[in-house]
Structures are given as structure tokens and as C-alpha cells.
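Enquirer: Chains as they are written, first to last, in the numbering used here: chain Y, 1 to 89; chain L, 90 to 178; chain Z, 179 to 267; chain X, 268 to 356. For glycine and all other residues, C-beta sits at the position ideal for the given N, C-alpha and C. Every value quoted in this text rests on a predicted model; they were computed, and no experiment measured them. I'd like to ask some things about the structure below.
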């Protein structure tokens, strides 16, 4: 389900985060730290988008084409939840 | 497609926005204006969520259960786009 | 405090919002409505930024250069709050 | 400048991120991964807020109470930029 591209991106983000921790340990300028944190958040958004795209074309499509109405409702409600939550963070 | 609840919410938001314009005309405190603008944005998010929920259970479900693979891809890609865009505003 | 540019922008946004309400009344495609709502939110962000910029160079600067430490703390705490809230909407 | 609390939070976030990578390696459900990514983003927001709060009461206050108008403008412009950017990620 989780393709190698997304895993690679996540490992890059982990490295980026460790770099920010080093910046903080070396007392880097606050605004530079905040900008790097924002860059990490932007990169995380791209991973979420890619995972959502895969999810829609696999699990969600299977559920909606399937015969279980409860399952259909469930997968669609999850999409709305994730969309709603994406703006509260 | 667009139910009355969403329309009612949008008209309430329009009234809220007019109230903010009046606050600005009367030289209200900047931070109070910004907080009201944020309240309007929060209310707009709730409308977007409700529209998306309706869209998923109607158009998207119809397309995915339908026989046109191009249409399926199109509706799913739109969801990913809207999700991606929601974080850039 | 609130300059004419910001007021003009807010009136444009009000017109945009009324246009979206009309789109909904005429049963426009859900995704088109959501995209217009996102455009309004982007425009509101620009107004908030402009108001914040004015606020920092006027009220906040006056308070910080003033002699009241409580007032200094208060204006700075408001900035942090507005920043925190901006991500929760 | 960067207090121990923020560093500790960042190290916790790094651990959380590594946990998400493991979830992905073990093929966890997409929506569960996205929710954990959103939790990391929420935690990063809290760190940004805390860094901004410290920055306002230290560097920004010093600059605004100082005698260099260019420096005053610079620190305030940085705050507006960070605020603007926070909504585009």
C-alpha cells in the first residue's frame, strides 16, 4: 500500500527534522528555525496528499464498488474527517 | 445538490463579513478584526466540509460505481486537489 | 488604523461570497463551489496579513517602546495567539 | 534562545515520525498513517508557537526598543512573513 516514494520522502523529512534539532542545539536564529519547521510541514503535506491519492484509487474505490453499504459510508466519512482535520493543524 | 443548511450557513457568513466591514469602518482594534476574520474562515471550512461530504456520497459514489474509468479517475483526482489546496490557504 | 485598501479588499470578498451563494442557488458543481470558497479564504488571509503588518508597525511598536510592561506582554501575547489560531482554522 | 522544553518536544516529534515510518513499512492503513502525520504537524505547530513567543519577548522586543529603525522594520516584517507562510503549508 505504501509505496517506496512515500517512505523515501518520510526518511528525508526525518533527516530534515534532525537538522532542525541541531540548529536549535547550536542556538540558531528563531525565525530560521520556524521557517525550517514550516518546510517540514509542507513536506509532510505532500506525503499525506500522495498517501490519500493512493488510498482513493485503491481502498476507497474497492469499498465503493463493493456490496457493503456500511463500508462505503465508513470510507467516505474517513475522507471528510481527514479533510476537516487537515485545516485544524 | 446544495442543501438548504449550507445555503443558510453561507448567508450567515455573509452577514458576519458585513459586520467585520463595519468594525473596520469604525476603526475597531486590529486584533479583534483579525479574530473575526478567523471566525469567518472557520465557518467557511465547515461549509466546505459539508459540501464535500454530500459530494462524496452522491457524485463521487455514482462515478466510482459507474463504468467510465476516466470519470472515476477525474472525481478522485479532484478530491486530492481540494485536499492539497485546503492546506495552502 | 484600517486603511482603505483593506476595506476595499473586504468589499470585494463580500461580492465574491455573494457570487458563491448564487452558484449554490443555481446548483453549481460541488467542487467548483469548494474551490471558490478556498479562493475567498485565501483573500481573507491576505487581508489578515495586511492588518497584522499595520498593527505591528503601529500599536505593537508603540506598546513595546512604551513604559508599561503589562501592555508590552499583552500585545505580544496577542500576536502569538493569532499565529496559533491561524493554523487551527 | 532555544529552551530545553522545545528541544525535548522536537526529540519527541522525531520519535513519533520514526514510528510513522515503521507503520508505513508494516503497511498500516492509509488513513491511520495520515492521522499520525497530522498529529506530528499539530505538535510542530506547538513548537513554532513556543519559539515565536520566546522570539517576540526577546529579539523583537530588543529590536523595537533599540535605536535602529531598519532593524525594527526587519524584525516586524519577519513576523508578518512567518504568519503569512503558516497558512500556506
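#1: Straight-line CA distance for residue 202(Z) to residue 107(L)?
#2: I need the straight-line Cα distance from residue 88(Y) to residue 265(Z), nearest angstrom please.
#3: 7 Å is my cut-off, CB to CB: does residue 87(Y) come that close to chain L?
#4: Does the region 230-242 of chain Z come close enough to the region 289-307 of chain X that 3 or more CB-CB pairs lie under 8 Å?
#5: At the level of alpha carbons, what is the spacing between residue 333(X) and residue 339(X)?
#6: From 110(L), 105(L) and 142(L), pick the residue whose C-alpha is nearest to that of residue 183(L); which is it?
#7: Roughly how many angstroms lie between the CA atoms of residue 101(L) and residue 144(L), to the nearest whole one?
#8: Can you give, in chain order, each stretch of the alpha helix (DSSP H) that sits fully within the region 40-66 of chain Y and has at least 4 residues?
#9: Using CA coordinates, which residue listed in 344(X), 298(X) and 311(X) is at the minimum distance from residue 74(Y)?
#10: Buried or exposed: which applies to residue 26(Y), given that a residue is buried once 16 or more other Cβ atoms fall within 10 Å of its Cβ?
#11: Can you look up residue 84(Y) in the DSSP assignment and give me helix, strand or coil?
#12: Any residues in the region 207-241 of chain Z with a beta carbon nearer than 7 Å to a beta carbon of chain X? Which ones, in chain order?
#13: By the three-class DSSP mapping on this structure, what secondary structure does residue 272(X) have?
#14: Checking contacts by CB at 7 Å: is residue 284(X) closer than that to chain Y?
#15: Compare the C-beta of residue 14(Y) with all C-beta atoms of chain X and state if any pair is closer than 7 Å.
#16: Is the CB of residue 338(X) under 7 Å away from at least one CB in chain Y?
#17: Could you have a look at residue 205(Z) and say whether DSSP puts it in helix, strand or coil?
#18: Would you report the Cα separation of residue 82(Y) and residue 10(Y), rounded to the nearest angstrom?
#19: Assign residue 78(Y) to one of two classes, buried (16 or more other C-beta atoms within 10 Å of its C-beta) or exposed (fewer than that).
#20: Using a C-beta cutoff of 7 Å, does residue 7(Y) count as contacting chain L?
Expert: This is what the structure gives:
#1: In the third chain, the residue the question calls residue 202(Z) occupies position 24. In the second chain, the residue the question calls residue 107(L) occupies position 18. Taking the straight line joining both Cα atoms gives about 20 Å.
#2: Your numbering for residue 88(Y) matches position 88 in the first chain. Your numbering for residue 265(Z) matches position 87 in the third chain. Their backbone Cα atoms lie some 6 Å apart in a straight line.
#3: As a position in the first chain, residue 87(Y) is number 87, starting the count at 1. Judged by the 7 Å Cβ criterion, residue 87(Y) is in contact with chain L.
#4: Look at the beta carbons and you see the region 289-307 of chain X not touching the region 230-242 of chain Z: under three pairs across the two are nearer than 8 Å.
#5: To locate residue 333(X), count along the fourth chain from 1; it is residue 66. To locate residue 339(X), count along the fourth chain from 1; it is residue 72. Their backbone Cα atoms lie some 8 Å apart in a straight line.
#6: With chain L covering 90 to 178 only, the question about residue 183(L) has no answer from this structure.
#7: Numbered from its first residue, the second chain carries residue 101(L) at position 12. Numbered from its first residue, the second chain carries residue 144(L) at position 55. Going from the Cα of residue 101(L) to the Cα of residue 144(L) covers about 22 Å.
#8: Runs of the alpha helix (DSSP H) lying entirely within the region 40-66 of chain Y and spanning at least 4 residues, in chain order: 61-65.
#9: Taking the first residue of the first chain as position 1, residue 74(Y) is located at position 74. The residue from 344(X), 298(X) and 311(X) with its alpha-carbon nearest to that of residue 74(Y) is 298(X).
#10: Within the first chain, residue 26(Y) is the residue found at index 26, counting from 1. Classification of residue 26(Y): exposed, given that the 10 Å Cβ count is below 16.
#11: Within the first chain, numbered from 1, the residue matching residue 84(Y) stands at position 84. Residue 84(Y): helix per DSSP, three-state reduction.
#12: So the close ones are 223, 227, 230, 231, 234, 235 and 239.
#13: If you number the fourth chain from 1, residue 272(X) lands on position 5. For residue 272(X), the secondary structure class from DSSP, reduced to helix, strand or coil, is helix.
#14: Residue 284(X) sits at position 17 when you count from the first residue of the fourth chain. Closer than 7 Å to some Cβ of chain Y, the Cβ of residue 284(X) qualifies, so yes.
#15: Locating residue 14(Y) in the first chain gives position 14, counting from the first residue. Interface residue, yes.
#16: Counting from 1 along the fourth chain, the entry for residue 338(X) is found at position 71. No, residue 338(X) does not count as interfacial toward chain Y.
#17: Numbered from its first residue, the third chain carries residue 205(Z) at position 27. Look at residue 205(Z) here: in three-state DSSP terms it is coil, with no helix or strand label.
#18: Counting from one through the first chain, the residue named residue 82(Y) turns up at place 82. Counting from one through the first chain, the residue named residue 10(Y) turns up at place 10. Each residue's Cα considered, the two are about 19 Å apart.
#19: For this step, residue 78(Y) is matched to residue 78 along the first chain. The residue is buried, with at least 16 neighbouring Cβ atoms inside 10 Å.
#20: Residue mapping note: residue 7(Y) aligns to position 7 of the first chain, counting from 1. Residue contact with chain L for residue 7(Y): absent (no Cβ-Cβ distance below 7 Å to any residue of chain L).
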